[in-house]
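Numbering (our numbering), first residue to last: 86 to 491.
Cβ atoms here follow ideal geometry from the backbone N, Cα and C, with glycine treated the same way.
The structure presented is a predicted model; accordingly, all values stated were derived computationally and were not measured.
Reviewing the structure listed below.
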Ligand SMILES: Cc1cc2nc3c(=O)[nH]c(=O)nc-3n(C[C@H](O)[C@H](O)[C@H](O)COP(=O)(O)OP(=O)(O)OC[C@H]3O[C@@H](n4cnc5c(N)ncnc54)[C@H](O)[C@@H]3O)c2cc1C
């Protein structure tokens, strides 16, 4: 038997839950298909900007839940192998925002799926999409058929790929492409032993990669390690993820003046989760009867920390486009592609520049020293990285000259 729905969302992570909430609220018939029967830690990010809190509130997540699933982080302390450090404050010194945030993803992702359900979406956990038959000819408005593990089928007028970096929707649409960065692996887990006081996150650039430490609710810190060089990847194969992550964390320089780090002696609360390859890109984010949101629509690298915020914004823009499409407005889905480009192409350029600097360590050290000694440029960088101001601030020739010209 084939079931028929207006919108099928593949993936019930942040992006999928958010787009389903918005569509169900608008009265649309939405089903969310999520592979995992219950939340389980997977390689993903926790550190985000205050702009994500704004998006969550806009989606209708109440302030109490946001406080419960998020822990305020005054700043991100960036540290280079050469010993330069500086703090990115994510707007906390301005009136604009309250600094960064560390999320408990089990709480946040569950809360958003509940929100989708309360809005009227049909959320099916423990269900996997294994195939997709997209309309063969353009402009026909034929439905897409989704094959569900176990043999059932669902026909949808619109399919949303919210299924992360290995998106089955992106692959079926023929738009999945390899990332342009060299292959890297991401490893993440939580450590116990923190308290819930406010303290900075750390982003420590290490030989062959970097390590992020972010406080999250429940007296935990999240460790996220990205390794990119061959020696590190071979070490991972021979010694295993637990040994490699422990050696990376043990080698992190202690904070000056005995800064607050009780997690250093804390135990791991779950096995290390890995993502490989880390990045992915797509040649298009929308087509006839389908579109991609969140990581499924492309993900570069966690260093610039934009995944969570982008997942929420893309979901909002996608919901508006799908609403228009179902109401018969031609060009509504292609308009999503343009809306995403308008919103994120500047930030993508900044993220690529950061990656370029990271790939040339002498240049990175130089720029880090400049940022450390120049509060105005540091603040611009901080606001751009946190999506609180348009990325053109960091692409302005005056900013680049202040950062780079000796
Ligand atoms: C190591 C690492 C560190 C990161 N650090 C940060 C950070 O500090 N800050 C930040 O903002 N971002 C970070 N990110 C990125 C961030 O985690 C993602 O951008 C965010 O989780 C995207 O959400 P999503 O809903 O698009 O995808 P996901 O959270 O990946 O959700 C996809 C969902 O789809 C489901 N699914 C997949 N395939 C199927 C299928 N065939 N059928 C049914 N369900 C399916 C999955 O089970 C999953 O629940 C990091 C990512 C990694 C890997």
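Query, Result
"In chain order, which alpha helix (DSSP H) runs of at least 4 residues are fully inside the segment 133-168?", "135-144, 148-154"
"Just checking residue 132 against ligand 1 - is the residue's beta carbon closer than 8 Å to any of the ligand's heavy atoms?", "yes"
"By Cβ distance, which residues of its chain are closer than 7 Å to residue 398, with the 5 residues on each side in sequence left out?", "140, 428"
"Could you round the C-beta distance between residue 362 and residue 269 to whole angstroms and report it? I think they count as a contact, below 8 Å.", "7 Å"
"Any heavy atom of ligand 1 closer than 8 Å to the CB of residue 127?", "yes"
"Can you name the start and end residues of the alpha helix (DSSP H) that residue 408 belongs to?", "392-411"
"Taking 8 Å as the cut-off, does the CB of residue 384 come closer than this to any heavy atom belonging to ligand 1?", "yes"
"Identify the continuous alpha helix (DSSP H) that holds residue 86 and give its terminal residues.", "From DSSP, residue 86 is part of no alpha helix (DSSP H); its letter is neither H nor E."
"Does the beta-carbon of residue 472 have 16 or more other beta-carbons within 10 angstroms, so that it is buried, or is it exposed?", "buried"
"Using only the heavy atoms of ligand 1, determine whether one of them is closer than 8 Å to the beta carbon of residue 41.", "No answer is possible for residue 41: it lies beyond the span of the chain, which begins at 86 and ends at 491."
"Per DSSP, which residues does residue 375 bridge with? Please list them.", "244, 372"
"In angstroms, rounded to a whole number, what distance separates the CA positions of residue 120 and residue 176?", "37 Å"
"By DSSP, does residue 481 sit in helix, in strand, or in coil?", "coil"
"Have a look at 488, 116, 476, 128 and flag the residue whose alpha-carbon is nearest the alpha-carbon of residue 251.", "128"
"Who pairs with residue 300 in a beta bridge, going by DSSP?", "306"
"Less than 8 Å between the CB atoms is what I'm expecting for residue 484 and residue 465, so what's the real figure, rounded?", "6 Å"
"Please check the pair residue 294 and residue 130, which I expect to be a contact at CB under 8 Å, by giving their CB distance rounded to whole angstroms.", "About 16 Å; that fails the 8 Å criterion."
"Are the segment 153-165 and the segment 182-202 in contact at 8 Å, needing three or more beta carbon pairs?", "yes"
"Take residue 385 and list the residues in its own chain whose beta-carbon comes closer than 6 Å to its own, dropping the five residues that flank it on each side.", "364, 436"
"Can we say the segment 187-204 touches the segment 225-234, given the rule of at least three CB pairs closer than 8 Å?", "no"
"If you count every other CB in all the chains shown that lies within 10 Å of the CB of residue 169, and 16 or more means buried, which is it?", "buried"
"Can you grab the Cα-Cα spacing for the pair residue 239 / residue 123, in whole Å?", "22 Å"
"CB of residue 381 to nearest heavy atom of ligand 1: below 8 Å?", "yes"
"Using DSSP with H/G/I as helix, E/B as strand and the rest coil, what is residue 207?", "strand"
"Specify, as a first and last residue, the run of the beta strand (DSSP E) that residue 216 falls within.", "214-218"
"Am I right that residue 402 and residue 348 are in contact with their C-beta atoms under 8 Å? What's the rounded C-beta distance?", "The Cβ separation is near 37 Å, so there is no contact."
"In the structure shown, what three-state DSSP assignment does residue 418 receive?", "helix"
"Nearer than 8 Å: is that true of the beta carbon of residue 47 relative to any heavy atom of ligand 1?", "Outside the shown range of the chain, which is 86 to 491, sits residue 47, and nothing can be said about it."
"Count the other CB atoms within 10 Å of the CB of residue 204; is the residue buried (16 or more) or exposed (fewer)?", "buried"
"Closest by CA to residue 378, which one among 440, 396, 115?", "396"
"With distances taken Cα to Cα, identify the nearest neighbour of residue 290 among 114, 334, 320, 220.", "334"
"Please classify residue 312 as buried or exposed, where buried requires at least 16 other C-beta atoms within 10 Å of its C-beta.", "buried"
"Using the rule of at least 16 other Cβ atoms within 10 Å of the residue's Cβ for burial, across every protein chain shown, is residue 135 buried or exposed?", "buried"
"When you compare the CB positions of residue 244 and residue 439, do they come within less than 9 Å of one another, or not?", "no"
"What are the complete beta strand (DSSP E) segments, minimum 3 residues, inside the segment 229-299?", "229-233, 238-246, 270-277, 286-291"
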